[in-house]
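Remarks on the structure that follows.
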Amino acid sequence: AMQALEYEVLDDGDVVIPPAHPGTEGIKQHGPAAYVFTQVFDRVQETLAEGHMPLVIGGDHSISIGSIGAALGAYDGDLAVLWVDAHADLNTPATSPSGNLHGMPLACLMHEPAGIEGKTDEQWQLLQRRFVPNPLRSDRTAFLGLRDVDAGESDRLQRLPRGYVSTMADIDRRGLVAEVDRLSAWIKGLGVKNLWISFDVDVLDPILAPGTGTAVRGGLTYREMHLLGEMLYEILESDDCPVQLVGLDMVEINPLFDTHNETGKTGVEFISSLFGKTILGRL
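Numbering-wise, the sequence shown is residues 42 to 324 according to our numbering.
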């Protein structure tokens, strides 16, 4: 799809996924997760150093600790993040109902404290020291498509200096075009040069993306998804936009839950729109 849009594509292969090993204490799957984050971090760091744009395709959204952490280091913290997701992923080990890392990446990237002493706190700080040398600022973080936010995450959103927040209720009331126009003004007024987009397929309605582990009804429609990608491309390519897109995550696709690879295909279609594909060809 990217080659059809006349981009040069370099496939860096897959990361090695170790066997699951939950451990007896501390953060669930900390060892296997850190092993994966290390590979993602190193490859994104190398890709950015070579002047290329990394496209990170994966399952568990916690891999963004590695990808965005590397970008924060590469740009010395001069980075904004657009989090397109049904979930805020702002839990810490202390507030997470499930204890799963895929609900905690933004809290880790923002250097929020674990809230639990002992082994959990040691492992949490280890992740932050290793993968997040420059913490992500909450006022440089945009959320779009939120509709399933835990109580601890909501409290954290209210407490932290807020960037841009658009829930599905906002999109329902004002429409996607108005919300993306508001996002455009926020991006252009940030004072940063670099933007990373992290796209979780569960932001889409489960009818479109059944192949995901944490589906929530009432998400973006197929046409809204394409419109979002097209508008973001237009914003970032406009002459008055001081921000460049430097990387993209496409995550939470689980083939075991999918139907005829529909979620995989839909993810590719969003990527295509984000990089300029339209009904009448590339912009």
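We put the CB at the ideal spot given by N, CA and C, even for glycine.
**Asked** Do you know offhand how far Ala43's Cα is from Asp196's?
**Response** As written in the sequence, residue 43 is Met, which differs from the Ala given in the question. Distance between the alpha carbons of Met43 and Asp196 is about 40 Å.
**Message:** Between Ala179 and Pro202, how many whole angstroms is the CB-CB distance? I'm expecting something under 8 Å.
**Reply:** Note that residue 179 is Ser in the sequence shown here, rather than Ala. Their Cβ separation, rounded to whole angstroms, is 5 Å, which keeps Ser179 and Pro202 in contact under 8 Å.
**Message:** Using C-beta distances below 8 Å, list every residue in its chain close to Glu220, excluding the 5 sequence neighbours before and after it, in chain order.
**Reply:** These residues qualify, in order along the chain: Leu185, Ser207, Asp211, Ile212.
**Message:** Whole angstroms are fine: how far does the CA of Asn132 sit from the CA of Leu142?
**Reply:** Cα-Cα distance, rounded: 9 Å.
**Prompt:** For Val70, does the three-state DSSP call read helix, strand or coil?
**Reply:** Rather than Val, the amino acid found at residue 70 in this sequence is Gln. In this structure, Gln70 counts as coil in the three-state DSSP scheme.
**Request:** Mind checking which residues open and close the beta strand (DSSP E) that includes Val287?
**Result:** Note, Val287: beta strand (DSSP E), 285-292.
**Request:** Could you check what DSSP says for Ser313 in three-state terms: helix, strand or coil?
**Result:** Helix.
**Asked** Would the beta-carbon of Ala135 fall within 9 Å of that of Asp189?
**Response** Inclusion of Ala135 and Asp189 in the CB contact set at 9 Å is not warranted, their separation being larger than that value.
**Start-to-end residues for the beta strand (DSSP E) that takes in Val56** = Val56 -> no beta strand (DSSP E), and no H or E assigned at all.
**Request:** Just the C-alpha distance for Arg137 and Pro73, rounded to the nearest angstrom, thanks.
**Result:** Here residue 137 turns out to be Ser, not Arg, going by the sequence shown. Roughly 19 Å between the two C-alpha positions.
**Asked** Using the beta-carbon count (16 or more within 10 Å), is His301 buried or exposed?
**Response** Residue environment: His301 is assigned as exposed (fewer than 16 neighbouring CB atoms within 10 Å of its CB, all protein chains considered).
**Item:** Inter-residue Cα distance where the pair is Glu278 and Leu268
**Value:** C-alpha separation (whole angstroms): 15 Å.
**Request:** Over the uninterrupted alpha helix (DSSP H) stretch that includes Ile320, give me the two end residues.
**Result:** Note, Ile320: premise wrong, no alpha helix (DSSP H); not H, not E.
**Asked** Can Leu231 and Val287 be called in contact, C-beta distance under 9 Å?
**Response** Contact: no.
**Request:** On a CA-only basis, which of Leu113, Asp53, Pro247, Leu150 is nearest Asn295? Give me that one, please.
**Result:** Minimum Cα-Cα distance from Asn295 among the listed residues Leu113, Asp53, Pro247, Leu150 corresponds to Pro247.
**Prompt:** In or out: Pro146 buried (at least 16 other Cβ within 10 Å) or exposed?
**Reply:** Buried: at least 16 other Cβ atoms inside 10 Å.
**Request:** Tell me whether Ala45 sits in a helix, a strand or coil according to DSSP, three-state version.
**Result:** DSSP places Ala45 in helix when its eight states are reduced to three.
**Asked** What does DSSP give as the partner residues of Thr208 in its beta bridges?
**Response** According to DSSP, which records beta bridges pairwise, Thr208 is partnered with Leu187.
**Message:** For Pro16 and Val244, what's the separation of their Cα atoms in angstroms?
**Reply:** Within the shown structure, residues of the chain are numbered from 42 to 324, placing residue 16 beyond reach of any answer.
**DSSP state of Gly79 mapped onto helix, strand, coil** = The amino acid at residue 79 is misidentified as Gly; the sequence shows Thr. Of the three classes helix, strand and coil, the one that applies to Thr79 here is helix, per DSSP.
**Prompt:** Looking only at its own chain, which residues have a Cβ that is under 8 Å from the Cβ of Leu51, when we skip the five neighbours before and after it?
**Reply:** Excluding positions up to five away in sequence, the list reads His93.
**Asked** Using a Cβ-Cβ cut-off of 6 Å (strictly less than) and excluding sequence neighbours within five positions of Asp290, which residues of its own chain qualify?
**Response** Only Val97, Ser105, Ser108, Ser239 meet the Cβ criterion.
**Item:** Spatial distance of Leu167 from Lys318 (CA atoms)
**Value:** One C-alpha to the other measures close to 41 Å.
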